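Visitor:
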Amino acid sequence: MAQASQRLPAVAGLFYPADPHSLHAQISGYLAGAMPAEVVHSPKAIIVPHAGYIYSGAVAASAYAELVLRRDVIRRVLILCPTHRVAVRGMAVPAAQSFVTPLGAVAIDRAAWLAARELPGVLVDDRPHAEEHAIEVQLPFLQSTLDHFEILPIAVGQVDPKLVAQLLETLWGGPETLIVISSDLSHYHPYRQAQWRDKATIAMIAQLDPHLDGEQACGAGAINGLLIAAQRHHLAPHLLDLRNSGDTAGDRDRVVGYASLAFAEDRNHAQH
């Protein structure tokens with residue numbers, strides 16, 4: 001029975017090293033090399049890519065590097081991702097009580113899980129999570145940058161972004177709660193076209209425009225929910241890194257776009 005309560009790694013050795021020492025060394029290297037476009041103080045939410053680390057690990061690191069100063073503050077992480085393998089109507093939280101990576105197990109926040117389960121559009125289902133990489137690849141970064149934290153993994157399927165925003169609103173919390181949206185940008189366009197498309201997507205995010213579609217970002221449903229909540233909470237997005245697989249480890253004929261963004265309270269609004 002103990003085994004059933006754990007969600008075991010599905011993409012260790014594929015998307016990232018299965019050996020804990022190699023994994024730790026790779027993430028440490030990415031974090032050490034992270035040079036974000038700007039330093040964001042106390043981000044409430046981040047958007048990070050979820051490809052194999054050789055493709056998008058360095059881009060993701062520019063957001064995770066922002067968390068190190070708050071490693072003893074953040075205690076709960078809501079992680080939202082699209083569903084790549086199992087279609088979901090609504091949002092699925094797992095029945096599993098922990099997610100395991102080569103760096104150890106991360107517990108599910110029970111109070112957040114119980115609260116989420118009661119919300120409209122939320123179902124409890126392990127199946128969308130079993131083979132899904134988009135949350136799993138974020139966990140070793142969180143394990144490397146935070147001290148003691150629990151998670152609520154949420155697989156976002158076909159759902160009204162307002163319901164995603166309602167879930168975020170319900171679990172918003174204070175400085176102890178971080179929101180992570182796992183999403184890549186455009187898929188399989190030629191390099192220059194992808195750059196143009198992804199810049200247009202970032203411009204929409206900068207305007208907090210919650211009308212992204214799946215062609216712009218695979219995690220559009222989760223991002224749109226965050227953008228609605230960000231409007232209410234006067235959060236401003238900050239672009240930390242924007243690249244694609246043609247910049248990192250792939251050819252330039254068919255690329256996938258990656259961005260890291262951090263959302264923090266708008267200083268201008270805070271002063272009024």
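For the sequence shown, position 164 matches number 164 in the UniProt record's numbering, and the numbering has no gaps at all.
Built from N, CA and C at the ideal position, the CB exists for glycine as well.
Note that the coordinates shown come from a computational prediction; the quantities given were computed from them, not determined experimentally.
1) Just checking my contact of Asn244 with Asp213 at CB under 8 Å: how many whole Å lie between their CB atoms?
2) Under the three-state reduction of DSSP, which class applies to Ala222: helix, strand or coil?
3) Can you list, in chain order, the residues of its chain with a C-beta nearer than 6 Å to that of Gly57? Leave out the 5 residues immediately preceding and following it.
4) Would you give the residue range spanned by the alpha helix (DSSP H) that Pro161 belongs to?
5) For Ala116 and Leu167, I'd like the C-alpha separation in whole angstroms.
6) So what does Val124 bridge to, in DSSP terms?
7) Could you check the C-alpha separation between Asp253 and Gln195 for me, to the nearest Å?
8) Give the straight-line distance between the Cα atoms of Ala217 and Ala92, rounded to the nearest whole angstrom.
9) Using 8 Å as the limit for Cβ to Cβ distance, is Leu242 near chain D?
10) Report the option in Val124, Val106 and Ala112 whose CA atom is closest to the CA atom of Pro140.
11) Quick one: is His50 buried, meaning 16 or more other Cβ sit within 10 Å of its Cβ, or exposed?
12) What three-state label does DSSP hand Ser183 in the structure shown?
13) For Gln231 and Val40, what's the separation of their Cα atoms in angstroms?
Guide: Let me lay it out:
1) Looking up residue 244 in the sequence shown gives position 244. Looking up residue 213 in the sequence shown gives position 213. About 18 Å; that fails the 8 Å criterion.
2) Position 222 of the sequence shown, counted from the start, is the residue given in the question as residue 222. Note: Ala222 maps to helix in three-state DSSP.
3) Taking the sequence shown and counting its residues from 1, one reaches residue 57 at position 57. Closer than 6 Å at Cβ, skipping near neighbours: Tyr30.
4) Taking the first residue of the sequence shown as position 1, residue 161 is located at position 161. Its alpha helix (DSSP H) spans residues Pro161 to Thr170.
5) If you number the sequence shown from 1, residue 116 lands on position 116. If you number the sequence shown from 1, residue 167 lands on position 167. Their backbone Cα atoms lie some 7 Å apart in a straight line.
6) Translated into positions along the sequence shown, residue 124 becomes position 124. In the DSSP output, where bridge partners are listed per residue, Val124 has Val93.
7) For the purposes of this step, residue 253 is taken as residue 253 along the sequence shown, with counting starting at 1. For the purposes of this step, residue 195 is taken as residue 195 along the sequence shown, with counting starting at 1. Distance between the alpha carbons of Asp253 and Gln195 is about 12 Å.
8) Residue 217 sits at position 217 when you count from the first residue of the sequence shown. Residue 92 sits at position 92 when you count from the first residue of the sequence shown. Straight-line Cα distance between these residues: approximately 19 Å.
9) Within the model displayed, chain D is absent; a lone protein chain is all it includes.
10) Taking the sequence shown and counting its residues from 1, one reaches residue 140 at position 140. Of Val124, Val106 and Ala112, the residue nearest in Cα terms is Val106.
11) Position 50 of the sequence shown, counting from 1, holds the residue named residue 50. With 16 or more other Cβ atoms within 10 Å, it is buried.
12) Counting from one through the sequence shown, the residue named residue 183 turns up at place 183. Correct three-state label for Ser183: coil.
13) Walking along the sequence shown from the start, residue 231 turns up at place 231. Walking along the sequence shown from the start, residue 40 turns up at place 40. C-alpha separation (whole angstroms): 18 Å.
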